[in-house]
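K.L.:
Numbering (the numbering used here), first residue to last: 67 to 720.
The structure that follows is given in the form of structure tokens.
If you want it as structure tokens, here you go:
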């Protein structure tokens, strides 16, 4: 089996490499051609037809083999019980998506033989083949070690290293965006690719300004793919999880699986777009502060020249509108929807700026730009919601859907589950009833579980690293903290019938973390914050149960104390005995139906430690009573200070 896998892998990679090289050659010809009207020819596209068909066929086989191989893992879950399931990682989800894509309508639409009849031009198809080749070449390189773990064979990779991870990332964004618009039928006007590419650029703002910031662009892709995999899992021979969710949302059977998948893609891919909107706002705010001159009024107060700034912003927006109008004129009748959307958005922004400018002129003596006459005073809770990135994301998507749809009310109703899920996913005070809002629950679940591949670092280190890498070409990797090793799910791939995964009605997740001391995080914080988030979900149905286990090796700090039974959980108990005023935490600790804890002394190669502790959350029992009445962030600072003093005291006694 190993030799056969290697042959298929080598063939698939060779065909993709052939496509990649040919695409580069065509692009080079187009750039060097003196006649700018030259385009991709029919013969050039036909040359790609045979390697494309072979690459697709072989890749589908080897990716399925890889998925199966990773789906035959045994895992010690609870009370040392071994269960079979899948170790979820970024590579596994990319392979799952790659396998789905090869059998998708997206690929069929881009078929070379249909290029004259289809909506895509030859140039657009060429980009699709280029993006596909860079994605699959890197993906096959990533899955190779898993397929080769039984042997020492090494394929010839000469020349393949030219495709870097930046190309891979751009290709991943392009392909999942096309899949989103074509297969899932999300409105093209939402332009997932532009949003995701823009989010990558604006993530840089947060990396440089926010302490220990974690990626959100590729996080939303991982969340989306994880949820897609779960929704396609079968609860029974006749029902997938998506169909089960559809029945919960609409008892009249009017909600179908396709609507659930559409709403999921919208919710997952766009639920964190509020971070990009906030970054833009901060950047614009800084520009306004730098560009505004300050004057002193008769009372001696410093006022910015908001009127001048409003006029400048208005000029910029009008210039943008003129450029979009010019592009629309060039297309004639068949104007792309994204251009129409951009024009409508610019007109709306111009109208808002004109209104603000009029308000400023009317209230010049008593108002500033920040204190608008139309601004309502908000209480602390509504203000927090207003600033929440989920609320920002929901408002943005709602506005876009209104612009794009001929019937906005119907469109907002159709995507209602997604909009509610986006809005509520970060509002900890918003209750969610699983039987009525299963997609809201799924978004919270996948958002909490997707912690792998999201390194954190100090923004000061990033700033210094930029200089060292640009000026001195420093090859030293940036030091980052990575919390999670992998996620395990107790689902089985149906490798005989290839009908997807089989999901038990009790879904068990296991998060295996790294050493907390080395990666600079606190397991207690993760336990409490995840508990606080999940307790707002009411799992009233008996048809579907969810448990989440968090596996933590006993960290280096505690191992150095040399106490045989010391653990994070025992420290938390000791802290609660000394701090009786935190009575609300006792409910969380003592409720053994909802919270289960176990200490394991046996060696485990998966956590690289002879001792580990597991904390298991039984989500159905969370809905029975509120275990954490207040956000635990308020007490974590004092708890960690107590923990530090305790460990230092124990070391001094040694």
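All C-beta atoms in this analysis are idealised placements derived from N, C-alpha and C, irrespective of residue type, glycine included.
Taking the alpha carbon of residue 18 as the reference point, which residue from 614, 708, 406 has its own alpha carbon closest?
P.N.:
Because residue 18 is not part of the residues shown, which for the chain are 67 to 720, the question remains open.
K.L.:
Residue 579 lies in the beta strand (DSSP E); which residues open and close that run?
P.N.:
572 to 579
K.L.:
Taking the alpha carbon of residue 680 as the point to measure from, which residue in 339, 577, 195, 79 has its own alpha carbon closest?
P.N.:
Among 339, 577, 195, 79, the Cα nearest to that of residue 680 is on 577.
K.L.:
Can you look up residue 552 in the DSSP assignment and give me helix, strand or coil?
P.N.:
strand
K.L.:
With residue 464 as the anchor, note down where its alpha helix (DSSP H) starts and where it stops.
P.N.:
Per DSSP, residue 464 belongs to the alpha helix (DSSP H) from 455 to 470.
K.L.:
With DSSP collapsed to three states, give me the class of residue 692.
P.N.:
It is coil, neither helix nor strand.
K.L.:
Going along the chain, which residues of its own chain have a beta-carbon closer than 7 Å to the beta-carbon of residue 259, five neighbours each way excluded?
P.N.:
239, 240, 243
K.L.:
Would you check if the region 504 to 516 and the region 596 to 612 touch, i.e. whether three or more CB-CB distances between them fall below 8 Å?
P.N.:
Cβ pair count under 8 Å is three or more, so yes.
K.L.:
Flag this pair as touching only if the region 260 to 270 and the region 466 to 476 have three or more C-beta atom pairs under 8 Å; answer yes or no.
P.N.:
no
K.L.:
Taking the DSSP output, what are the residues bridged to residue 604?
P.N.:
499
K.L.:
Give a yes or no on whether the C-beta atoms belonging to residue 130 and residue 203 are separated by under 8 Å.
P.N.:
No; because the gap between Cβ atoms is not below 8 Å, this pair is not in contact.
K.L.:
In chain order, what residues of the same chain lie with their CB nearer than 6 Å to the CB of residue 627, ignoring the 5 residues before and after it?
P.N.:
716
K.L.:
Taking 8 Å as the threshold (C-beta atoms), are residue 160 and residue 116 in contact?
P.N.:
no
K.L.:
Is any non-hydrogen atom of the ligand PLP found closer than 7 Å to the C-beta of residue 588, if you look at the structure I gave you?
P.N.:
The ligand PLP is absent from the structure shown, which contains no ligand whatsoever.
K.L.:
Would you check if the region 322 to 338 and the region 544 to 561 touch, i.e. whether three or more CB-CB distances between them fall below 8 Å?
P.N.:
No, the region 544 to 561 is not in contact with the region 322 to 338.
K.L.:
Does the beta-carbon of residue 580 have 16 or more other beta-carbons within 10 angstroms, so that it is buried, or is it exposed?
P.N.:
Taking every protein chain shown into account, the CB of residue 580 has 16 or more other CB atoms within 10 angstroms, so this residue is buried.
K.L.:
Write down every uninterrupted run of the alpha helix (DSSP H) in the region 219 to 296 whose length is 4 residues or greater and which is fully enclosed by it, in chain order.
P.N.:
231 to 248, 258 to 275
K.L.:
Within 10 angstroms of the Cβ of residue 69, are there 16 or more other Cβ atoms? Answer buried if so, exposed if not.
P.N.:
exposed
K.L.:
With a 10 Å radius around its C-beta and 16 neighbouring C-beta atoms as the bar for buried, classify residue 719 as buried or exposed.
P.N.:
exposed
K.L.:
Since residue 168 is in the alpha helix (DSSP H), which residue starts that stretch and which ends it?
P.N.:
156 to 168
K.L.:
Count the other CB atoms within 10 Å of the CB of residue 200; is the residue buried (16 or more) or exposed (fewer)?
P.N.:
buried
K.L.:
Would you mind giving the Cβ-Cβ distance between residue 74 and residue 124, rounded to the nearest angstrom? I have them listed as a contact below 8 Å.
P.N.:
Correct: roughly 5 Å between the Cβ atoms.
K.L.:
Quick one: residues in its chain with C-beta nearer than 8 Å to the C-beta of residue 694, no 5 flanking neighbours on either side, listed in chain order?
P.N.:
These residues qualify, in order along the chain: 594, 597, 598, 601, 650, 651, 653, 654.
K.L.:
For the putative contact between residue 245 and residue 167, defined by C-beta atoms under 8 Å, what is the C-beta separation to the nearest angstrom?
P.N.:
6 Å
K.L.:
Report the residue from 132, 412, 186, 331 whose alpha carbon sits nearest the alpha carbon of residue 487.
P.N.:
331
K.L.:
Can you check DSSP and say which residues form a bridge with residue 306?
P.N.:
BP columns for residue 306 point to 300.
K.L.:
To the nearest angstrom, report how far apart residue 341 and residue 461 are at their CA atoms.
P.N.:
13 Å
K.L.:
Is residue 663 helix, strand or coil when you go by DSSP?
P.N.:
strand
K.L.:
State buried or exposed for residue 78, treating a residue as buried only when at least 16 other CB atoms are found within 10 Å of its CB.
P.N.:
Around the beta carbon of residue 78, a 10 Å sphere encloses 16 or more other beta carbons of the protein chains shown; the residue is thus reported as buried.
K.L.:
Considering only the alpha carbon of each residue, which of 386, 696, 419 lies closest to residue 405?
P.N.:
Considering only alpha carbons, the answer is 386.
K.L.:
Residues in its own chain within less than 7 Å of residue 609 by CB, not counting five upstream and five downstream?
P.N.:
Hits under 7 Å: 571.
K.L.:
Please go through the same chain and pick out, in chain order, the residues whose beta-carbon is closer than 6 Å to the beta-carbon of residue 194, but skip the five residues on each side of it.
P.N.:
176
K.L.:
Got a sec? Which residues, its chain only, sit under 6 Å from residue 480 by beta carbon, not counting five neighbours each side?
P.N.:
Around residue 480: no qualifying Cβ.
K.L.:
Would you give the residue range spanned by the alpha helix (DSSP H) that residue 567 belongs to?
P.N.:
Looking at the DSSP string, residue 567 is not in any alpha helix (DSSP H); the run it does join, the beta strand (DSSP E), is 567 to 569.
K.L.:
Check the C-beta distance from residue 288 over to residue 519 and give it rounded, since I have them as a contact under 8 Å.
P.N.:
7 Å
K.L.:
Just to check my reading of the structure: residue 484 and residue 333 have Cβ atoms closer than 8 Å, yes? What is that Cβ distance to the nearest angstrom?
P.N.:
The beta-carbon distance between residue 484 and residue 333, rounded to whole angstroms, is 4 Å. This is short enough to meet the 8 Å contact definition.
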